[in-house]
Every structure is written in C-alpha cells, then in structure tokens.
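Chains as they are written, first to last, in the numbering used here: chain A, 1 to 207; chain B, 1001 to 1196. Below is one structure, written out as structure tokens; comments come after it.
Below is the structure:
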C-alpha cells in the first residue's frame, strides 16, 4: 500500500514526495533546482508547498510555545516523595541550605583567622581574665640568719651570691631564696654557710 | 532536539542525585518543551502528552545512573518516552481515526485543492491541522515529527524510524493528503477529494 505511490514514479510525483525535504532544506542542490523549476511553473505545487509550511508551523507549535518550567512542581514533588528524608547534617549540604552553610563556614574561618593573627601570644604562667600572674620559682635554698646579723650586711651577702628572697624572713630568722644560677646551688650553699651572718644553709632542691 | 553537552548533562544529573534543585530546573527547562513536542506528535491528547513527558523526565532524573553518556541525552529521553507512549496506548481503547478516508482513494486525487487553509483564520488553521494530525496513524505522525520539527533529511529520518526511504516519503505524502481531506471535511465542503 505505502509503496504504491512511489511506484508511479512520475516526474511530478517524484518531486512532490521530496517537498517536505525541500522545505526543511535537506535535499541535494540538484533536486532543489528541479523543485524550484517545478514550483515556478505550477501554481498547485506552490499551494501544496504553502500547505506544508502551515503544517510545519502548526506541528512545531506545541513544543515551541510551551513554558520551559511548566509542570516542574509536579516533577519536583515526585522526586522528593521518592527519596528518604535527609538527616539534618546532610540537609546542610543541599542547594537550599548551601548558602547558609557556606556563610557559617566563612564566619568560622574569619573568627579562627582573627584569633590566630590578632590575639596576643599565650603568656608564660597563669593568666586570669587576660592578666598574667607570674608564679614564683620554688626556693633553691633555705637560710637561717643569725639574730645579730645586720640587714645591710645580709643584703650585700645575698646580692654577691646571686640570691633573691622569695619568702621570709620568718620569726625564727628563716629566708627562702632562689639563685640566679640554680646549677651552682651546692657551691653557693657552702659559700653562704661559711658566712658569720648565716647560722645554717640548706639545699631545698637537687642541683 | 537541542542538546546540552553530554558532560554537562552528566554533571547536572549527579547534582540532581544530590538534590540540587537548580540543576533539576536547568535540565527540565531545556528538555521539557522539546520532549513535550515529541510526545504530543505521537499521542492525540494534551493531557496524555503532559503526563508522559513528566513521567519520562522523572524516570530520567530518578534513574540518572542509567545514562552512560554514549548517546545524546535527547535520544535517551525519547527512548524512555517511547516506552511510556506504548504503555499509554495499551491503556486506551483505540486511536482516533478518520472514518471513510482511504489512502488509495486519496492517491487518486493528486491534483486536489491545497488552498483549503485559505478559508480559515491563521489561528484556526494551526488548531485545525493539529486536530487532524491527531487522527493520523502513528507512523505518519512520527514521520511528520522528524521532518517538520527536527528537520531531519530523508536518510536520517528513515534511519531514525527504521523504515525504507520510499516508505517514509509515502507516509509523509499520505499524511498531508489525509490532513487536507480532514480539513475539507471539517469545513463542511464538498470540494477536494474526488472519489473514484
């Protein structure tokens, strides 16, 4: 049935069958020239071509006139219905929450950067509300001073031996001192013990 | 159909899998109108075409891993839509037909009047043609789609439809004869087809 038209194969019929391809510009140049010549002499052929133009315009209309996102909400609802709910932390990565997540990450980064570059270095010792409390060193030596020793003589002796009082004197004449050179504590102790101002000198920590 | 680059399509599909709403909107906006045009040429109902189009895009977005990027995305989409069209056809009673219009009889009227559209307003003509296309056999509707919408050449369209070139030309010729006869009948005229 379908091939019966082709079999007639008259010249005019051959060109007529090519009209849709003439219209969409896919015929060979030689065939185009033949059809042009036929159209130039045949008014009915020109009407048939015009009819094909109207048909083409009509059949293109449903797709071309359609809004791009028409029906999208239906699809989106079906997509979300077919998927398990995301945990809260994975929702942060979805497109809707991505700007919020990105902003939070940015703010956190700025804060960390500020802390690193702008806040002061941690101080040695204990800091309480930003105030550094220096911790006294543990005493190296404990001295027992003679009751008749003069303060000026004692001060000179301690300064000469690199000693600093960290606690005392007690009522029994005890002083706790640290040394500029803790490594020489034993030698310093012997030196001090020989002084007439010192009754006793004890080493408190191992050198 | 106008296609996005395949790598971009795959990227968008991956983003859709990660529930990226912007990606699904982008892909939908590019392919939905084109796919609707294709489906509407194959079925004779706006509602059915709408449903099949959205169904096909839903399957494509949901089963995104099945798209391997070896063919154009539009080809893959049309394959999905074709299966849905077949399912839909099984579910409806019968295709609308042009009663009393026979291809053999139309073949005898090669010199018929193609000026039938001059009796219609421009807007009416488009709607009337679409109504008549809805009554064509599926093979003829498909032939019109590939040549008039996609601008495929003879070899390309016949390859797409898996029919000989002669068959494709005949289908197109019969289709426009039938549309003309349908329009003449709709206008209530007695001119046009001379019955042998």
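The C-beta atom is built at its ideal place from N, Cα and C for all residues, glycine as well. Bear in mind that the values here come from a model prediction, so they are computed numbers and not experimental data.
Each residue's CA atom was taken as its position, placing residue 1029(B) and residue 78(A) some 17 Å apart. Against chain A, the CB of residue 1028(B) has a partner CB under 8 Å away; the residue lies at that interface. Residue environment: residue 1090(B) is assigned as exposed (fewer than 16 neighbouring CB atoms within 10 Å of its CB, all protein chains considered). By the neighbour-count definition (other C-beta atoms within 10 Å, threshold 16), residue 180(A) is an exposed residue. Here DSSP, grouped into helix, strand and coil, assigns residue 1031(B) to helix.
Under the DSSP assignment, residue 142(A) falls in the beta strand (DSSP E) whose first and last residues are 141-145. Contact note: residue 35(A) does not reach chain B at a C-beta cutoff of 8 Å; the least C-beta distance is about 13 Å. Between the region 1034-1047 of chain B and the region 1075-1088 of chain B there are three or more inter-stretch CB-CB distances shorter than 8 Å, so the stretches are counted as touching. Taken in chain order, the members of the region 1052-1066 of chain B whose beta-carbon sits within less than 8 Å of a beta-carbon on chain A are 1053, 1054, 1057, 1058, 1061 and 1062.
Interface annotation for the region 48-59 of chain A against chain B: 48, 50, 51, 52, 54, 55, 56, 57, 58 and 59, criterion Cβ-Cβ distance under 8 Å. Under the criterion of beta carbons closer than 8 Å, residue 154(A) and residue 145(A) qualify as touching, at roughly 6 Å. Closer than 8 Å to the CB of residue 1081(B) there is not a single CB belonging to chain A. Counting along the chain, residue 174(A) sits inside the beta strand (DSSP E) bounded by residues 174-179. Excluding sequence positions up to five before and after residue 1069(B), its CB lies within less than 7 Å of the CB of 1006 and 1010, all in the same chain and listed in chain order.
For residue 62(A), the nearest CB of chain B lies under 8 Å from its own CB, placing it at the interface with that chain. Closest option to residue 1002(B), judged by alpha-carbon separation, among 1152(B), 1185(B), 1186(B) and 1179(B): 1152(B). Take residue 1078(B), set aside five residues on each side of it, and the residues of its chain with a beta-carbon closer than 7 Å to its own are 1038, in chain order.
Here residue 116(A) is exposed: its Cβ has fewer than 16 other Cβ atoms, across all protein chains shown, within 10 Å. Considering only beta carbons, no part of the region 99-111 of chain A lies closer than 7 Å to chain B. Residue 201(A) is bridged by DSSP to 143(A).
Cβ-Cβ separation between residue 140(A) and residue 204(A): approximately 6 Å, consistent with a contact (criterion under 8 Å). Rounded to the nearest whole angstrom, the CA to CA distance from residue 1019(B) to residue 82(A) is 12 Å.
The beta carbon of residue 1034(B) sits closer than 6 Å to the beta carbons of 1001 from its chain, once the five residues preceding and following it are set aside; these are given in chain order.
Judged by beta-carbon spacing, residue 33(A) lies beyond the 8 Å limit of residue 1024(B), meaning their Cβ atoms are not closer than that value.
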